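Protein chains in written order, with this note's numbering: chain A, 1 to 616; chain B, 617 to 718; chain C, 719 to 1203; chain D, 1204 to 1388.
Every residue, glycine too, gets a C-beta built ideally from N, C-alpha and C.
If you're wondering where the values come from, they're calculated on a predicted model, not measured in any experiment.
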Amino acid sequence: MSLLVLTLIFPLAGAIALSLFPRMADNAARTIGAASVGLAAVVTALVMVFWGANGGYPFVQTLWQWIAVGDFHVNFGLYLDGLSITMMGVITGVGFLIHLFAAWYMVHDLEGSPGMARFFAYMNLFIVAMLLLVLGDNLLLLYLGWEGVGLCSYLLIGYYYQTPANAWAAFKAFIITRIGDVFLAIGLFLLYTVFGTLNIQTLLHQAPQVWAQGDAMANVAALLILLGACGKSAQLPLQTWLADAMAGPTPVSALIHAATMVTAGVYLIARMHGIFEIAPAIQELVGVIGGVTLLIAGLAATAQTDIKRVIAYSTMSQIGYMFLALGVGAWQAAIFHLMIHAFFKSLLFLTAGSVIIACHHEQNIFKMGGLRKTLKLDYWLMIIGGSALSALPLVTAGFYSKDAILWDAVANGHGVLWLFGLIGAFITSIYTFRMIFIVFHGEEKTHAHAGHGIPHHVPLIILAVLSTFVGAMIHQPLDGVLPSGAVEGHFWIELVFEVISSVVALVGLGMAAALFLGKRQLIAQATQDGPGRNTWLFFNSALGFDWLYDKVFVQPFLFVARGHRRDWIETIVNVVPGLASAGNSGLSAVQSGRLRWYAMVMFAGAAVLLAVLMFG
Amino acid sequence: MTGLPIQYGMGLAALLFIAGLTGLVVRRNTLFILMSLEIMLNAAGLAFIVAGAHWQAADGNAMFILIIALAGAEASIGLGLLLQLHKRFRTIDIDAASEMHG
Amino acid sequence: MNDTWNQLVAVLPPIFVCLAVIVVMAAIAYKRSHASAAGITMVGLNLALVSLLAVLTVTPIQVTPLFVIDDYAVFFWAVILVAALATCTYAGAYFKGLDDNREEFYLLVASSVLGAMALVASRHFASLFMGLELLSVPLYGMIAYTYRERQSLEAGFKYMVLSGAASSFLLFGMALLYAASGHLDYEGLAAAAQLGGAGHAWVLMGLGMILVALTFKLSLVPFHVWTPDVYEGAPAPVSTFLATVSKTAVFALLMRFFFLSPVAQDGWLLTLLGVIAFLSMFAGNLLALRQTNIKRLLGYSSIAHIGYLLTAIVAGIPLSIEATGVYLATYVGTTLGAFGVVSLVSSPFAGRDAAHMDHYRGLYWKRPVLAVSMAIMMLSLAGIPLTMGFIGKFYILSVAVAAGLWWLVAGIIIGSGIGLFYYLRVMALLFMERPTDAREPSAAGFGQTAGTVVIWLLAAVTIIVGIYPTWLIDIVGASSIAGIG
Amino acid sequence: METTFFIAGIVALAATLRTITCANPVHALLYLITSLLAVAIDFYALGAAFAATLEVVVYAGAVMVLFVFVVMMLNLNQETVTRERHWLRPKLWVGPSVFAAILLIAMVWSMTVGGAIGGIEGTPLSANAVGMALFGPYVLVVELAAFLLLAALVVAIHIGRDERNEARWKAEHGERETTQAGEQQ
């Protein structure tokens, strides 16, 4: 099973090679970047086969003991079970397809300017960090991966750092997720203090013995972990960074901000499910956060003009579904939706990328239109991806995963959350097909050049196939790792709920067709002025959370900061750098360069030292 | 205890040592700095001879001989450097050689 | 007979180094050749390194009353020889363009290494003194080797005068201890400790004076003032040697002295040493804070690092020896890498070294391998996890915590915080846009390639030890000082 | 024995003090030689006749002669002495004297108040005993000393070379071999 390590080594070697030779030819950079992840994917497949053949038992590979000083032991150990192998499959499989697509995309996006090696170095490093995150058998290693993906996300959002707005978006993403990270770190300290270990399996094993159901400490620990997850997964209240993160190249959005990194929060909560089960109040909160976020993000998506922002908000909304599933105890359904979502969302992002390149870096959907004639492939891909996102019944993968979540919500007695999910499904249909209709139907506003070539077609087609019911047939070996959470209902009752959600999705599709397929006058008039316009603006700004945070946190902070610019609090705060600076100046003055002075300092030092030794 | 108290011998060495140290710090002339170094080394040698005489063992003398070897080495290198300094800086004022600082 | 044979085996490594000195001298007399001088020295040092394996079969063994060759000495011999080999490699590239005799340099390096080796194995004041001087005297010449550069000459003279003064302190201190105890070997000084009241003041004064000299060599506060000037003025390979071999040998000796000699374990003396450590951490880091010359910056940072390390001696617990070994090995590896980059960027020799930070702005775009290695070294010096610098710092912190030295723990943490600032500043600089008028370092020649390979290896070791430190810890754990179990 | 020791000691101290305060380098050197000779007498008084001989031959003889050579090469004149006087302003002595006093008090205190540890008989120590020690237990250190002197020699030759001579040599013999060897690498 030492194969497992190879999944980390290949992308790592790629990242090292790419960063050591930043001036290498673009073709070499593309090949190394994609091939290293491809090899990792092949190894992952082999690992899956061997693991399955050996009965699929959880497996720990302790590579070595990293640090052992006194009572503090940290192992460099990888933990393989159904959950991590599922995540590995998503990361390396979807990751490889996205890398392949990026090999096509970046050529057009960079248009000959340097930076190909830098891009793939970051991307490969991201894969390493993400794998470390899901494979680490202790929380320290997980945290290392957690910070690693954050760093890569920051670097890639700000990839085109020459534009100040992109740099700001990168800052914003970094700072907001960092707020979550701080909570997570505190949570880890808390767990270590209580249990004296950071090994995840030991923790999960001991937690129910140490903490009673609903123990206050357990609640605090779960809450801290939840806040960390919220930051990474762009959930309320730390959701505002994701839409701005679209400043990065589109494959980045597909890989990091749709398929993998943003779902790390879901993985973390699922991995620590033992803690959440003894803190039911916090688990309830997870569901509520998911439910509210999926609605907010869905509404915001209906009023976006940038194609990537539409998809970004839909990502936020879909992760809301996963949180909802976690909250209602549908652990397996959440991970199932995570995988399916990775398929169709990266399909949507990559197709969007293809469209953007075809339209000469145009991202505004209202400046596109009628593209179905020129971009036939993209059109059908977008239809498939959009259908999966809207969970159109029977043929799409999204139907099976989302339906499982909704049914589990009802069956576990969370009627309100089910209602949230249902409304969300309705909104999802509307904004998805709004986007598709505006981009591909109506009058042609720009002349598009369809993309071609194997790196362009192959990933898109594979992902499209996986987004249909084919993807839903993939079996996830989660039994025994996560509680199933599924409740067997009466056949007819289940059918009724399935029909309800199918109908809702179809009605949404119909409504989108009615509003956006024709002349779109209704919407145009409604949002021209008055309350309609205000609502549109409100939705467009994602329900004004940026504005709210600005008013509630940033402005008061700046006000306080301005008010205290010259008072004693400021003085105290300034003492530290002031002391350092004064110490630097004072000590530098001693370094006069004069030998006699140096001898004098030594003489004085020796005299004082020896006198103190004698008389002290 | 008969004979000369050891404090007198060591005291003389200490006085010579500190005189050398003071000279090292005070003098600006490179030549005097090297002389002061020789005074300090010589004082340390005296201290060893005194201590050796107290214990009536050859160790002190052996150390003294090693010190003389060092003194010779220091003097030859020091004077070589002094000549180069004189050539490059056109002075034997040690304060002139202070190009590096901060 | 057998015993004599074993003793001979034990001193094989120094004998190889001696041979290197003599053969290089003979070679110079026969025909001057830079390549062969460097080659002979490297062969000698490598033979010495290999012969360490043979030495391990006879350790611990006492060779004359002056030296003891135990696993501890062998470990530090290995560190010293590796550092010297790296120095020679850099020197090969660095002196290629020097219009002067280049061969003597290798002779001096080998002599200095001999002194360092003697120092590490010494158990007697005579060998301590002679080892220290043999380490330092060739260094005067090495620092002033490019004496046509005024800075090099100035640095050499400063070091010579101050080091000579420090040697006098050392000798006078030894004389005082000898007068009080009648012994010159560390363990024999135990007799002096039993003198109680009468001789105690002599002993204390003697130890104090010896400490003045050794803390000077380690450039600890308040005897640190020479460090930046000498590091800046010396040719870059010599700064490398000074920061690694010289520091390692003296510190290893200090550790042995404090563990073997009961008189050194006086509480008040240790407290004072703690104060020196504390001040060094702060002074080193604060001085480096706004430094723009990278050699001076590394000099200041070495002050802080030895300050951290001194904590191990102050703690005086059995774990201290292991911590010292780990920390010195990681520090030497990292410093070799950082100075190696400076050496190679400053080569071929063309006047002053490329030490100003501006020379390093955007180095990544010109010489990515060097820049990435330098970045790794900076991370390691800053003690970032997954580099070996972290492992070393972790050990020192553990020792300080285990000994309950909370004020030193605070010093290490605050110092590391300040350190982070300037190390990362250097690191960021490497990846910035390259200024158009930058001095373009050329990267041609065998010497450059060899130097780059060495730096590569060091960078790889930095990372490997950072994520898999056990093997280093095992080696260090086995290198115990003979006489204390 | 004590009388000899004290008289020679006082002479040594006085001569040393004059060495560090004297403005004229040649005078200072003569004072230093006086001091060394006086110390040699002290050695003799303490019974270390061999060391006394070495002090005279090596220290006062060889090492000081080096200094005299250098003084002659530097071409010092009356102007140097005047400048030297200017550099030795009394103000400069204040700081060093204070620390010298502190150090002296600490050292003397450690030797006297700290406790008497005995006296010196002044029994002569034969050169034979010193030789036996040097080539017995100290033999390896003597070897190291040899390398020390070799290294010092090499350093002095490298640094002390006169480039004018070398330039002439170069002109006579063409390019130096070293440069060619360097390029052959």
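In this structure, the CA atom of residue 1223 of chain D is about 26 Å from the CA atom of residue 1313 of chain D.
Taking C-beta atoms as the reference points, residue 835 of chain C and residue 735 of chain C count as a pair closer than 8 Å.
At a cut-off of 8 Å between beta carbons, residue 683 of chain B contacts chain C. If you keep only unbroken alpha helix (DSSP H) runs of at least 4 residues inside the stretch 1296 to 1345 of chain D, you get 1330 to 1337.
In this structure residue 692 of chain B touches residue 1355 of chain D by the C-beta definition: roughly 6 Å separates them, less than 8 Å.
Only those residues of the stretch 74 to 85 of chain A whose C-beta falls short of 8 Å from the nearest C-beta of chain C are listed: 76. With 16 or more other CB atoms across the displayed protein chains lying within 10 angstroms of its CB, residue 211 of chain A is buried.
For the pair residue 601 of chain A and residue 1180 of chain C, the Cα-to-Cα distance works out to about 37 Å.
When secondary structure is reduced to three states using DSSP, residue 955 of chain C falls in the helix class. Taking a cut-off of 8 Å on C-beta distances, the stretch 278 to 297 of chain A does not touch the stretch 97 to 112 of chain A, as fewer than three cross pairs fall below it.
At a cut-off of 8 Å, the C-beta of residue 642 of chain B has no neighbouring C-beta in chain C.
For the pair of segments examined, the stretch 334 to 354 of chain A was found not to touch the stretch 416 to 425 of chain A: the number of CB pairs separated by less than 8 Å stays below three.
When the alpha-carbon of residue 1035 of chain C is set against those of C:1114, C:964 and C:725, the nearest one is in C:1114. Ranked by how close their Cα comes to the Cα of residue 53 of chain A, the residues A:599, A:477 and A:152 have A:477 in first place. Residue pairing by DSSP leaves residue 577 of chain A without any beta bridge partner. In the DSSP annotation of this structure, the continuous segment of the beta strand (DSSP E) that includes residue 780 of chain C starts and ends at 779 to 781. With fewer than 16 neighbouring CB atoms inside 10 Å of its own CB, residue 1365 of chain D falls in the exposed class. Residue 1246 of chain D and residue 918 of chain C have their C-alpha atoms spaced approximately 26 Å apart.
Scanning A:137, A:308, A:179 and A:614 for the CA closest to the CA of residue 348 of chain A turns up A:308.
Put simply, the backbone Cα of residue 1216 of chain D is about 34 Å away from that of residue 994 of chain C. DSSP, read as helix, strand or coil, puts residue 1262 of chain D in helix. Spanning the alpha carbons of residue 19 of chain A and residue 1093 of chain C requires a straight line of approximately 12 Å. Taking C-beta atoms under 8 Å as the contact rule, residue 1172 of chain C and residue 804 of chain C qualify, at a distance of about 5 Å. Taking the C-beta atoms as reference points, residue 223 of chain A is found nearer than 8 Å to residue 282 of chain A. Within the same chain, and ignoring the five residues on either side of residue 235 of chain A in sequence, the residues whose Cβ sits closer than 8 Å to its Cβ are 229, 265, 289, 290, 293, 316, 319, 320 and 323. The contact set of residue 859 of chain C on chain D, defined by CB atoms closer than 9 Å, consists of 1354, 1355, 1357, 1358, 1359, 1361 and 1362 in chain order. In this structure the stretch 126 to 137 of chain A does not lie against the stretch 18 to 32 of chain A, because fewer than three pairs of beta carbons, one per stretch, are closer than 8 Å. Per DSSP, the beta bridge partners of residue 1074 of chain C are C:1011. In the structure shown, the three-state DSSP call for residue 79 of chain A is strand. Cβ-Cβ separation between residue 439 of chain A and residue 368 of chain A: approximately 5 Å, consistent with a contact (criterion under 8 Å).
Three or more Cβ pairs drawn from the stretch 1027 to 1045 of chain C and the stretch 967 to 982 of chain C lie within less than 8 Å of each other, which places the two stretches in contact. Sequence-distant partners of residue 155 of chain A (beyond 5 residues in either direction) whose C-beta falls short of 7 Å from its own C-beta, in its chain, are 122. Between the alpha carbons of residue 13 of chain A and residue 36 of chain A lies a gap of roughly 8 Å. Among the bridge pairs identified by DSSP, residue 136 of chain A is matched with A:78.
The stretch 871 to 882 of chain C and the stretch 648 to 666 of chain B touch, with three or more beta-carbon pairs separated by less than 8 Å.
Short of 7 Å from the beta carbon of residue 1226 of chain D, and not among the five residues preceding or following it, lie these beta carbons of its own chain, in chain order: 1284, 1287, 1288 and 1291.
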